[in-house]
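Written out below as structure tokens is the structure these notes cover.
Numbering (our numbering), first residue to last: 3 to 184.
Printed below as a string of structure tokens:
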């Protein structure tokens, strides 16, 4: 989810899962009455995406799940809009099985702002920052050309990280802190 101010909000929101079922992509998300999303005052992801793509949200029957979707052939139409706004799209395919019962599903494609190779006019990077005590482990990676840069920096030299953010076109940031770190 783009522009999430804290890790707590990231975990409290329903993840946007784009599910390819019966030639249709459908988004399943929590009801807006969910405790965490309501108490944080954050618009649920399904409503954000529906607004962004100018789509309707439905709730068939008495189910508590909200749904919205579009035919699979329209994925490319909406993909660039979602990626430009910082969303990561996960396409899940329903696997063909001969058994009755729960359907088997698997992730077939992942599109993220920095790793979309299909329609990317400019070189972009993912930056990963690992914190442990005073040490920062920094990695830059571009999926387009495989270019990667790795180096350590101390907290006192954190201005190096700021220069990296300015020097490279960073589309995604991954942060990990050691649980024992201060």
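Beta carbons are placed, not taken as given, at the ideal position from N, Cα and C, and that holds for glycine.
At a Cβ-Cβ threshold of 7 Å, residue 85 and residue 115 count as neighbours. Residue 81 counts as buried, since no fewer than 16 other beta carbons sit within 10 angstroms of its beta carbon.
DSSP, reduced to helix, strand and coil, places residue 115 outside both helices and strands of the structure shown, so it counts as coil. Among the bridge pairs identified by DSSP, residue 141 is matched with 130 and 152. Judged by their CB atoms, residue 175 and residue 129 are nearer to each other than the 7 Å cut-off. Comparing alpha carbon positions, the residue from 102, 173, 136 and 166 closest to residue 145 is 173. Residue 99 is classed as exposed because its beta carbon has fewer than 16 other beta carbons within 10 Å across all chains shown. If you draw a straight line from the Cα of residue 83 to the Cα of residue 57, it comes to about 13 Å. Non-local C-beta neighbours of residue 70 in its own chain, meaning closer than 6 Å and more than five positions away in sequence, comprise 29, 52, 57 and 59, ordered along the chain.
Counting only residues of its own chain and dropping the five nearest sequence neighbours on each side, residue 154 has a CB closer than 8 Å to the CB of 137, 138, 139 and 140. Spatial neighbours of residue 111 in its own chain (CB-CB distance under 6 Å, excluding positions within 5 residues in sequence) are listed in chain order as 93. Contact between residue 113 and residue 91 holds: their C-beta atoms lie close to 4 Å from each other, under 8 Å.
In the DSSP assignment, residue 173 falls outside any alpha helix (DSSP H) and within the unbroken beta strand (DSSP E) covering 172 to 179. If you compare the alpha carbons of 61, 68 and 135 with that of residue 180, the shortest gap goes to 135. Taking the CA atoms as reference points, residue 166 sits about 53 Å from residue 102.
Under the three-state reduction of DSSP, residue 102 is assigned to coil, being neither helix nor strand. Excluding residues up to 5 positions away in sequence, 155 lie with their Cβ nearer than 6 Å to the Cβ of residue 162 in the same chain. Distance from the CA atom of residue 95 to the CA atom of residue 63, rounded to whole angstroms, is 24 Å.
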